[in-house]
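Chains as they are written, first to last, in this note's numbering: chain A, 1 to 298; chain B, 299 to 596.
Have a look at the structure below, then the notes.
2 protein chains.
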Amino acid sequence: MDNQPVYGGIEAGGTKFVCAAGTGPDDTGTPERIETRTPKETLGEVITFFVKHPVAGIGIGSFGPLDLDPASPTYGHITTTPKQEWRGADLIGPLQEALDVPVVLDTDVNAAALGERTWGAGKGLSDLVYVTVGTGVGGGAVVNGKLLHGVTHPEMGHLLLPHDLQRDPFPGDCPYHGDCWEGLASGEAMRLRWGCPAEELPPDHPAWELEADYLAAGIMTVAVTLSPQRVVVGGGVGTSPGLLPLVREKLVALFNDYGAFPNTTRDMNDFLVLPGLGDRSGMLGGIALAMEAVAPSE
Amino acid sequence: MDNQPVYGGIEAGGTKFVCAAGTGPDDTGTPERIETRTPKETLGEVITFFVKHPVAGIGIGSFGPLDLDPASPTYGHITTTPKQEWRGADLIGPLQEALDVPVVLDTDVNAAALGERTWGAGKGLSDLVYVTVGTGVGGGAVVNGKLLHGVTHPEMGHLLLPHDLQRDPFPGDCPYHGDCWEGLASGEAMRLRWGCPAEELPPDHPAWELEADYLAAGIMTVAVTLSPQRVVVGGGVGTSPGLLPLVREKLVALFNDYGAFPNTTRDMNDFLVLPGLGDRSGMLGGIALAMEAVAPSE
């Protein structure tokens, strides 16, 4: 179609906001990276971008936690984030007011799950989990073909895990839950534990074995709870070369041939995969969110 | 309506099958308890029951794991259960053949979640989790108003948990995963750890504090993954007097005022509850399954 409407996608992260206007992975123009400063400054630049690139609707995949209850007076706001300046920030209001188009908000990981399901590694699946392991750890999901929200939205990074303090005395750095999944396995936890950023740790460093154990344990827990057809792992740490094969191996051992969970390397190669959209899952998920809101597929 | 059709509900457990014919919690006739022996003997008695009490359809909530993939040649069969005689048992075929009515199968905990959602403590909620803690540990869920299946069905009893071996040297008794949730917190694990059945442990026994810790950790993990509006806890151990208040207390501390999760005792009293249907959630869930299959509400 020549006149296919153009949609806006925003991946709103703690260090940058990525904005794009387009119709899918082959048509996003040149996405713009905007530094995350104060809500006023950053959202101001986002508005400027979309004034230059008019769209029929905007989807935002954002860091959180978020208030996603349409009946709430703080609907569309960021809630208890450790990032002081963004606590209570309204993400929907300013854009909707300035640009006068529908604006939809979801978590960065739910947006990424939707992006991967629409165009990426989970294309057409009804039940998909997207896990990101970067500065933090998070998970989003498509269940029965729809994004998982429940009473609010998943916060999978905060699930609890086995933690052998003799092997790993690092206490965990989640300000809320100490040694939850994010507290043990995020890029920030790796930096604090080993004294340097994850990307500087050589492939044979014991950090990777430990990281793979935490990822396998977390993914097993998510898998037995949600029973997904596939789990996509993204994020700067999650996509580190060599990490996913190690996680797959450990996950086969953890499932231990139980029920219908993947019990062979071949099944596991199909079950646990890298993003099909590279680092664009969230931004493209934003476009998919906007599409769904303006022109629902069902 | 005078001519409302009557449906059959079966709670299929490792020690007994409970069968009933009716239309809801106020009309189940006298449910019959049939001992779980071999599939042939037990299913034979189930058939005899429904020959005496004709129904328009039958819903079964069963122990598992189950093959719930309609495209599979072993659809409706029990798969990798430790109960040798029931491994590979076909639950749907014999009933459908003998009684010539639609037979629907789901997990005992999914059936219980549906029962509680239809008539019990989760009435009308869109997102509900049902956790049972009895001989084993399991969880079922309603997500977006529908039972959660994904690629197979949840096996929440097998999620992984923090396990402090100094405090609790019991290694866990799950034949597949050792110290998973079920391996640490089931009635069977309690019996093995303390040397007597849970119901014989006095209220001030340290067993209950430990059990509450494992239940709180598991429920927190399920809650951050599924984001339910409410969690119903059933089962012989789960409904032990005094246990749930202890779990609530620990869960408030674990969530630690994060995101939209319950952060006060009042919220928690509403979030974590006993079954509204007592020990009939699974059997009534079977009736609800049959109703949905024969006369879908949407």
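Idealized CB from N, CA, C, for every residue including glycine.
Being a predicted model, the structure only gives us computed values, none of them experimental.
Q. Whole alpha helix (DSSP H) runs in the region 461 to 525 of chain B with 4 or more residues, listed along the chain?
A. 479 to 483, 485 to 492 and 504 to 524
Q. In terms of alpha-carbon separation, which member of B:I585, B:A487 and B:E333 lies closest to D325 of chain B?
A. Stepping through the second sequence from its first residue, residue 325 of chain B is reached at position 27. Looking at B:I585, B:A487 and B:E333, the one whose alpha-carbon comes closest to that of D325 of chain B is B:I585.
Q. In whole angstroms, what is the alpha-carbon distance linking W119 of chain A and M291 of chain A?
A. Here residue 119 of chain A refers to the residue found at position 119 of the first sequence. Here residue 291 of chain A refers to the residue found at position 291 of the first sequence. In a straight line, the C-alpha of W119 of chain A is about 13 Å away from that of M291 of chain A.
Q) Hey, out of B:R335, B:V349, B:I356 and B:R331, whose CA is closest to V592 of chain B's CA? A) By 1-based counting over the second sequence, the position of residue 592 of chain B is 294. The alpha carbon of V592 of chain B has as its nearest neighbour, out of B:R335, B:V349, B:I356 and B:R331, the alpha carbon of B:I356.
Q) Who does Y258 of chain A pair with in a DSSP beta bridge? A) Counted from its first residue, the first sequence places residue 258 of chain A at position 258. Paired residues: none, contrary to the question.
Q | Helix, strand or coil at F271 of chain A according to DSSP, with G and I counted as helix | A | Position 271 of the first sequence holds residue 271 of chain A. Three-state result, F271 of chain A: helix.
(Q) Using beta carbons (cut-off 8 Å, strictly below), is L251 of chain A in contact with chain B? (A) Stepping through the first sequence from its first residue, residue 251 of chain A is reached at position 251. Using a Cβ-Cβ cut-off of 8 Å, L251 of chain A does not count as an interface residue toward chain B, since no Cβ of chain B sits closer than that to its own.
Q: Specify, as a first and last residue, the run of the alpha helix (DSSP H) that T118 of chain A falls within.
A: Your numbering for residue 118 of chain A matches position 118 in the first sequence. Note, T118 of chain A: alpha helix (DSSP H), D108 to W119.
Q: Report the residues of the region 434 to 445 of chain B with a CB closer than 7 Å to any CB of chain A, ordered along the chain.
A: So the close ones are V441, N442 and K444.
Q | V51 of chain A: first and last residue of the uninterrupted alpha helix (DSSP H) it sits in | A | Counting from 1 along the first sequence, the entry for residue 51 of chain A is found at position 51. P39 to K52 is the extent of the alpha helix (DSSP H) around V51 of chain A.
Q: Return the bridge partner residues of D127 of chain A from the DSSP annotation.
A: Numbered from 1 along the first sequence, position 127 holds the residue referred to as residue 127 of chain A. Note: D127 of chain A sits in no beta bridge, so no partner.
**Q.** Endpoints, beta strand (DSSP E) assigned at G438 of chain B
**A.** As a working mapping, residue 438 of chain B is identified with position 140 in the second sequence. Bounds of the beta strand (DSSP E) holding G438 of chain B are V435 to V441.
Q: Would you mind telling me which residues of chain A sit closer than 7 Å to Y512 of chain B, beta carbon to beta carbon, in chain order?
A: Position 214 of the second sequence, counted from the start, is the residue given in the question as residue 512 of chain B. In chain order: nothing, as chain A lies at least about 10 Å away.
Q: Return the CA-CA distance between G310 of chain A and P460 of chain B, expressed in angstroms with no decimal places.
A: What the structure shows of chain A is the stretch from 1 to 298, and residue 310 of chain A is not part of that stretch, so it cannot be assessed.
Q.
If you reduce the DSSP assignment to three classes, tell me which class M299 of chain B lands in.
A. Along the second sequence, one-based indexing puts residue 299 of chain B at 1. Any reading at M299 of chain B must be qualified, since the residue scores a pLDDT of 47, below 50, and its modelled position is unreliable; no value is offered.
Q: Answer with buried or exposed for A514 of chain B, where buried requires no fewer than 16 other C-beta atoms within 10 angstroms of its C-beta.
A: As a first step, residue 514 of chain B is located in the second sequence; it is residue number 216 there, counting from the start. Buried.
Q) What first and last residue would you give for the alpha helix (DSSP H) that runs through G584 of chain B? A) Here residue 584 of chain B is taken as the residue at index 286 of the second sequence, counted from 1. Taken as a continuous stretch (DSSP letters only), the alpha helix (DSSP H) holding G584 of chain B covers S579 to V592.
Q: Identify, in the order they occur along the chain, each residue of the same chain with its Cβ nearer than 6 Å to the Cβ of M1 of chain A, setting aside the five sequence neighbours on each side.
A: Residue 1 of chain A sits at position 1 when you count from the first residue of the first sequence. With a pLDDT of only 47 at M1 of chain A, under the threshold of 50, the placement of this residue in the model should not be trusted, and no figure is reported.
Q: Check each candidate in B:H351, B:F361 and B:P323 and name the one with the smallest Cα separation from P337 of chain B.
A: As a position in the second sequence, residue 337 of chain B is number 39, starting the count at 1. Comparing Cα positions, the closest option is B:F361.
**Q.** Contact residues within the region 337 to 369 of chain B, judged by C-beta distance below 9 Å to chain A
**A.** G362, P363, L364, D365, L366 and D367
(Q) Considering Cα atoms alone, identify which of A:G140, A:I47 and A:P25 is closest to V222 of chain A. (A) Here the question's residue 222 of chain A lines up with position 222 in the first sequence. The residue with the shortest Cα to Cα distance from V222 of chain A is A:G140.
Q: Could you tell me whether any Cβ in chain B is nearer than 8 Å to the Cβ of D127 of chain A?
A: For this step, residue 127 of chain A is matched to residue 127 along the first sequence. Yes, because at least one Cβ of chain B sits closer than 8 Å to the Cβ of D127 of chain A.
Q) Quick one: what does DSSP say V252 of chain A is sitting in, helix, strand or coil? A) Position 252 of the first sequence, counted from the first residue, corresponds to residue 252 of chain A. Residue state for V252 of chain A is assigned as helix, using DSSP reduced to three classes.
Q: Locate the beta strand (DSSP E) running through G357 of chain B, then write down its first and last residues.
A: Numbered from its first residue, the second sequence carries residue 357 of chain B at position 59. Taken as a continuous stretch (DSSP letters only), the beta strand (DSSP E) holding G357 of chain B covers I356 to S360.
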